[in-house]
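Heads up, the sequence shown is in the working numbering, so the first residue is 84 and it goes up one at a time.
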Amino acid sequence: MMPLIAQLQESTTFLISFFTVIGLMVGSFLNVVIYRLPKMMERNWQLQCAELRSETVELQPVFNIATPRSICPNCQHKIAFWENIPILSYLLLRGRCSECRSRISIRYPVIEAITGIMSGYVAWHFGFGWMMMAALIFVWALIALAVIDIDTQLLPDDITLPLIWLGILYNMHGGFTDLHSAVMGAVTGYLSLWTIYWVFKLVTGKEGMGYGDFKLLAAIGAWLGWSILPLVILFSSLVGAIAGIGLIIAAKLKKDIMIPFGPYLVGGGLIALFWGQEINHAYFELF
84 MMPLIAQLQE
94 STTFLISFFT
104 VIGLMVGSFL
114 NVVIYRLPKM
124 MERNWQLQCA
134 ELRSETVELQ
144 PVFNIATPRS
154 ICPNCQHKIA
164 FWENIPILSY
174 LLLRGRCSEC
184 RSRISIRYPV
194 IEAITGIMSG
204 YVAWHFGFGW
214 MMMAALIFVW
224 ALIALAVIDI
234 DTQLLPDDIT
244 LPLIWLGILY
254 NMHGGFTDLH
264 SAVMGAVTGY
274 LSLWTIYWVF
284 KLVTGKEGMG
294 YGDFKLLAAI
304 GAWLGWSILP
314 LVILFSSLVG
324 AIAGIGLIIA
334 AKLKKDIMIP
344 FGPYLVGGGL
354 IALFWGQEIN
364 HAYFELF
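Dropping the structure here:
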């Protein structure tokens, strides 16, 4: 273990390569989380509804992140370990199931590649240490949340709430910010979007966003501090507005189209993580 740590500390190339590979493996795990967690939530909701209606609930097979084994959705073929190697398996299988030859979504290797590249960049940006490890956890959680929100327009509490507490705990003795700023970041992040939500609802009678967005911004504030939140909201809103206009045009001007805001908050959070302090300093020096 010590030679590995020494090598990670001494060689930037080895550090980036090592955590890029780790990121690829984590990306494979995130694919499982992204697919299964919303289904686990749906099953739980159905169970709760049945209990409230005093209905008999049929015993269902265990379904969680670890069980059952991954299968082909078309032929139910159980995925072997060699078919689960990040990116490489997809290339060897030429994007098709080894049993029934049905197509495998390109999204799986794309998420693995994004997670690997982002992990390597985190390692290069922060260097080996606790801050790098914390940033990796933060980035991995944000990737999962962004894709789940795109798929289902949900931001699961199972990820957002632990992320808030982890951010506060990490900053207890000064991490990305101090404890006071982390706590205020969580509170300010939640209340800012909560206020916008209610003002919009009172004016239009419609819900402009979900409570998951409040918790996600609270988590970003808990990790990076309250002073970074205006930057996160600014970049999220700009990218969201541009993408929203594009989607509305593509949908033949259906203005009521639902657009998840979580991915744009994630984008703003990542910009703030890597360059937030520099952007803030540049802004204050300019004005």
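For every residue, glycine included, the Cβ atom is placed at its ideal position computed from N, Cα and C. Please read all numbers here as calculations on a predicted model, not as lab measurements.
Between residue 181 and residue 168, the alpha-carbon positions lie close to 14 Å from each other. In this chain, residue 256 is not harboured by any alpha helix (DSSP H), its DSSP state being neither H nor E. Here residue 154 carries a strand assignment [DSSP, helix/strand/coil].
Looking from the CA of residue 244, the closest CA among 254, 91, 294, 149 belongs to 294.
The secondary-structure analysis by DSSP pairs residue 161 across a beta bridge with 154. The C-beta distance from residue 259 to residue 277 rounds to 23 Å, too long to meet the 8 Å contact threshold.
Separation of residue 207 and residue 289 (C-alpha to C-alpha, rounded to the nearest whole angstrom) is 44 Å. By the C-beta criterion, the region 251 to 265 is judged not to be in contact with the region 312 to 327, since fewer than 3 inter-stretch pairs fall below 8 Å.
The C-beta distance from residue 303 to residue 348 rounds to 7 Å, short enough to fall under 8 Å. For residue 121, the uninterrupted alpha helix (DSSP H) segment begins and ends at 95 to 135. Here residue 368 is exposed, its C-beta having fewer than 16 other C-beta atoms within 10 Å. DSSP places residue 269 inside the alpha helix (DSSP H), whose first and last residues are 262 to 287. Secondary structure note for residue 227: its alpha helix (DSSP H) is the uninterrupted segment 213 to 235. Here the region 172 to 190 lies against the region 147 to 156, with 3 or more beta-carbon pairs under 8 Å apart. Apart from the 5 residues on each side of it in sequence, residue 314 sits with its Cβ closer than 8 Å to the Cβ of 351, 354, 355, 359, 362, 363 in its chain, given in chain order.
Going by DSSP, residue 297 is part of the alpha helix (DSSP H) stretching over 294 to 307.
Looking at the DSSP output, residue 186 sits in a beta bridge with 179. Here residue 137 is exposed: its Cβ has fewer than 16 other Cβ atoms, across all protein chains shown, within 10 Å. Excluding the 5 residues flanking it on each side, residue 239 has same chain C-beta neighbours closer than 8 Å at 120, 121, 124, 228, 231, 295, in chain order. Under the criterion of beta carbons closer than 8 Å, residue 126 and residue 112 do not qualify as touching, at roughly 20 Å.
Annotated three-state conformation of residue 167 is coil, per DSSP. Distances from the CA of residue 110 to each of 141, 218, 200 were compared; the closest alpha carbon is that of 200. In the DSSP assignment, residue 363 falls within the unbroken alpha helix (DSSP H) covering 345 to 369. In this structure, residue 310 keeps its C-beta atom at 9 Å or more from the C-beta atom of residue 203. Residue 242 has its alpha-carbon roughly 20 Å from the corresponding atom of residue 105.
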